[in-house]
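Residue numbers (the numbering used here), protein chains in the order written: chain C, 1 to 421; chain U, 422 to 533. Encoded as structure tokens, the structure appears first; notes follow it.
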Amino acid sequence: MTAITRRRFGALAGATGLTVLSPYVARSQGKPRVVVIGGGVAGATAAKYMAASARGLAVTLIEPKRRYTTCFFSNLYLGGLRSLASLTHAYDALARHGVDVVHQTAAAVDPAHKVVHLGNGAQLAYDRLVVAPGISFDFGAIEGYDAAATQIMPHAWQAGAQTRLLRRQLASMDDGGVFVIVAPPNPFRCPPGPYERACLVAYYFKQFKPRSKILILDAKDHFFEQDLFEDAWRRHYPGMVEWLPGQFVGNVKAVDVKTRAVVTDGDIYKGAVVNVIPPQKAGWLALKAGLADASGWCPVHPLTFESTLQPNIHVLGDAASAGAMPKSAFAANSQAKLCAFAIAAALTGAPPPAPHLFNTCFTILGPDDAVSDAIVFKADADTIKIGDIFISPLDESAEIRRRTMQQADGWYDAFTHDVFG
Amino acid sequence: MPADAMAARFKAIAWLLAAGVLLHIPSPAAATSQPEQGAQLAAICAACHRLDGKTSSAPSIVGRKPAKLAADMAAFRSGKGENQIMHAVALSLSDDETATLARYLAGLGGEP
């Protein structure tokens, strides 16, 4: 086994307010080992909180990328309201919190021997494993839409190169072209995302290509915050956005990348730019490790996020099947904290955490028009249900919407500081 | 608050606990429950509020008098104001949790 030296616990932990008085520090020799796979919001949050708030744990984060670009707020980049650089974060601060960040691919998990195999041939032993691999795409669901097709019809549902590609295509599109968005069936990452994308691309078209149209071909008959989006499309982008529900469109059966065509049960739709957001399932490593059930997602115990299929392995974020919780960054962050404290409790004897789980999404309808939702979840041993839910009303004043937009920008900074800072 | 000062504060509290000075706390496990619970609850806040004294669009909540923060949370719970996120968070916390959280945040220091 390749030994990977854990960096010394950093002084920064105290400055963040994360340090907790613990009687378990005396057990730090031969610390329990926690390995976290995946440096997105869920994995980075879990690693940071375990390293910084439970000094009795040796925490290793495995993430091949040196920098992470957030999918949330990436529609603002498509609309020309943010740079991709402003959405990109490094892992330096996690190292200062005491996380041993290993930039390798996690190739396989061996639950029987509690070992993770890395892409470079090394192995990492763990006492607890956290798997936060995000999503993968069900490429078999739409004929002709495979990894190669994503270079012609980008999904842009994992931020970075795909988002840049879609932006380039939109920038080079002639005025008067049709931008087709294929929206996926539930459950999927970021429920408001496809419709927010329509808003922000419409904002871009309105300025630079005002004769262009946006056509959303949806697998669903309803979507989250539908009334707010339809109201925004009418007010801000009249005649520009058309949404076709699943009952009208039928199944999206196939795509033809050569003609940029989307084939449904009843028709063929062609676009100048086509954004296919395919059906989704848990990240491939979770599938490979036997953490997913027939749904393609990973069932977990609601109070700890430990897999119900593999003991001592916890699954977080978009890959987890977490009851009523949506697949969002805020939900992933909330889950990660509960899981981090639960693992610290299990390995150090610290008191178990109270199961507080939340979600908030800021949704951008235009440069001065944003809405939000706030959801409190009730978790027990069996399930996670919605407790209270609050969504911006339709009749809010323009001033409140403008302030929510400012709040959204500030939230992004504070939130990413919580995750990566 | 500088990291060294924070560490010194926790060391001092740890010594007091070890010496049995804080006699109203009966056992080591219970002795840690308050600050640990406070840190866990503060993690909820950290998703929107920076806990290093810096402000974002959400105000700094560290270093404030516990009674003031508890009063603010009571107002949010009752639905006063337009902040539905804080309304949701306040509704989810018990009075005891709010008090524990307020004490913990007060101990994190104020604006630099």
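Backbone N, C-alpha and C fix where the C-beta goes; we use that ideal spot for every residue, glycine too.
Do you know whose CA, among the options, lies nearest residue i's CA?
i, options, result
"ALA232/C", "GLY56/C, ILE62/C, CYS199/C", "CYS199/C"
"HIS97/C", "ASN333/C, TYR49/C, PHE330/C", "TYR49/C"
"PHE330/C", "ILE375/C, GLY366/C, SER307/C, VAL315/C", "ILE375/C"
"GLY193/C", "MET173/C, ALA261/C, LEU347/C, ALA156/C", "ALA156/C"
"PRO425/C", "VAL178/C, PRO184/C, PHE415/C", "Within the shown structure, residues of chain C are numbered from 1 to 421, placing residue 425/C beyond reach of any answer."
"GLU242/C", "VAL115/C, VAL257/C, LYS288/C, ALA183/C", "ALA183/C"
"GLY176/C", "THR45/C, MET240/C, LYS114/C, LEU166/C", "MET240/C"
"HIS113/C", "ASP127/C, VAL262/C, PRO302/C", "ASP127/C"
"LEU303/C", "LYS385/C, GLY40/C, SER334/C, CYS339/C", "CYS339/C"
"ILE386/C", "ALA509/U, GLU518/U, ALA464/U, SER515/U", "ALA509/U"
"THR308/C", "ASP382/C, SER328/C, ILE277/C", "ASP382/C"
"MET494/U", "CYS466/U, ALA511/U, GLN505/U, ASP517/U", "ALA511/U"
"GLN151/C", "TRP284/C, ARG260/C, ILE37/C", "ARG260/C"
"PHE305/C", "LEU166/C, LYS213/C, ASP380/C", "ASP380/C"
"GLU230/C", "GLU196/C, VAL262/C, PHE248/C, GLN247/C", "GLU196/C"
"PHE390/C", "ASP516/U, SER515/U, ALA463/U, GLY500/U", "GLY500/U"
"ALA125/C", "ASN312/C, GLY39/C, PHE208/C", "ASN312/C"
Just checking my contact of residue i with residue j at CB under 8 Å: how many whole Å lie between their CB atoms?
i, j, result
"LEU78/C", "LEU215/C", "With 8 Å as the limit, LEU78/C and LEU215/C do not qualify as a contact, their Cβ atoms being about 16 Å apart."
"LEU129/C", "VAL35/C", "5 Å"
"THR363/C", "ALA354/C", "Actually they are not in contact, since the Cβ atoms of THR363/C and ALA354/C sit about 29 Å apart, beyond 8 Å."
"ALA342/C", "PHE377/C", "The Cβ separation is near 15 Å, so there is no contact."
"LEU61/C", "VAL99/C", "5 Å"
"ILE181/C", "ASN275/C", "5 Å"
"HIS356/C", "ILE465/U", "6 Å"
"ALA46/C", "ALA336/C", "4 Å"
"ASP256/C", "GLY144/C", "6 Å"
"VAL419/C", "VAL41/C", "5 Å"
"ALA289/C", "PRO111/C", "7 Å"
Please list, in chain order, all residues of the same chain as residue i whose beta carbon is under 6 Å from its beta carbon, the five residues on each side excluded.
i, result
"PRO487/U", "ALA523, ARG524, ALA527"
"VAL292/C", "Sequence inspection shows Ala at residue 292/C; the Val mentioned does not correspond to that position. Counting only Cβ-Cβ distances below 6 Å, and skipping sequence neighbours, we find ALA282, ALA286, CYS298."
"ILE434/U", "With a pLDDT of 36 at ILE434/U, under the threshold of 50, the modelled position of that residue is not reliable, and the figure given next carries that caveat. Result list for ILE434/U: empty, nothing under 6 Å."
"THR105/C", "PRO64, GLY119"
"TYR91/C", "VAL101"
"GLY250/C", "THR264, ASP265, GLY266"
"ALA492/U", "none"
"LEU18/C", "Low confidence applies here, because LEU18/C scores a pLDDT of 46, under 50, leaving its location unreliable and the question unanswered by this model."
"HIS470/U", "ALA479, ILE482"
"GLU225/C", "PRO192"
Skipping 5 residues on each side, what residues in its chain have a beta carbon closer than 7 Å to that of residue i?
i, result
"SER295/C", "SER321"
"PRO326/C", "PRO191, ASN359"
"PRO529/U", "The amino acid at residue 529/U is misidentified as Pro; the sequence shows Leu. MET422, LEU472, VAL483, GLY484."
"LEU87/C", "THR69, THR70, PHE73, SER74, TYR77, ALA159"
"ARG7/C", "With a pLDDT of only 35 at ARG7/C, under 50, the local geometry of the prediction cannot be trusted, and the value read off the model is given with reservation. Here the set comprises ALA95, GLY98, ASP100."
"HIS103/C", "GLU63, PRO64, ARG66"
"ALA279/C", "In the sequence on display, residue 279/C carries Pro and not Ala. Excluding residues within five positions, the ones whose Cβ falls inside 7 Å are ASP138, ALA141, PRO184, PRO185."
"ARG403/C", "none"
"ALA460/U", "TYR525"
Across which residues does DSSP place residue i in a beta bridge pair?
i, result
"ARG33/C", "ALA58/C"
"ALA320/C", "CYS298/C"
"ASP110/C", "VAL115/C"
"ASP256/C", "ALA261/C"
"TYR68/C", "HIS89/C"
"GLN123/C", "HIS117/C"
"LYS281/C", "SER136/C"
"PHE179/C", "ILE214/C, VAL273/C"
"VAL101/C", "LEU61/C"
"SER372/C", "PHE362/C"
"VAL315/C", "VAL131/C"
"VAL241/C", "ILE214/C"
"LEU357/C", "PHE377/C"
"ILE389/C", "ILE375/C"
"ILE465/U", "BP columns for ILE465/U are empty, so no partner."
Sorted by chain position, which residues of the same chain lie with C-beta nearer than 8 Å to residue i's C-beta, five sequence neighbours on each side aside?
i, result
"ASP146/C", "PHE139"
"PRO245/C", "ASP218, LYS220, ASP221, HIS222"
"LEU84/C", "THR69, SER74, TYR77, ALA159, GLY160, THR163, ARG164"
"ALA107/C", "HIS117, LEU118, GLY119"
"PHE415/C", "ALA329, PHE330, ASN333"
"ALA520/U", "PRO487, ALA491"
"ALA149/C", "VAL255, VAL257, VAL276"
Closer than 8 Å, CB to CB, is residue i near chain B or not?
i, result
"SER481/U", "Any reference to chain B falls outside this structure, whose protein chains are C and U."
**Request:** Assess, as a yes-or-no matter, whether the segment 310-320 of chain C is touched by the segment 128-144 of chain C under the definition of 3 or more beta carbon pairs within less than 8 Å.
**Result:** yes
**Message:** With a threshold of 8 Å, are at least 3 pairs of Cβ atoms found where one atom belongs to the segment 94-113 of chain C and the other to the segment 266-284 of chain C?
**Reply:** no
**Segment contact flag, the segment 170-190 of chain C with the segment 204-211 of chain C, C-beta cutoff 8 Å, min 3 pairs** = yes
**Prompt:** So does the segment 395-403 of chain C actually touch the segment 454-472 of chain U, counting three or more Cβ pairs closer than 8 Å?
**Reply:** no
**Item:** the segment 401-412 of chain C touching the segment 463-479 of chain U, judged by at least three CB pairs closer than 8 Å
**Value:** yes
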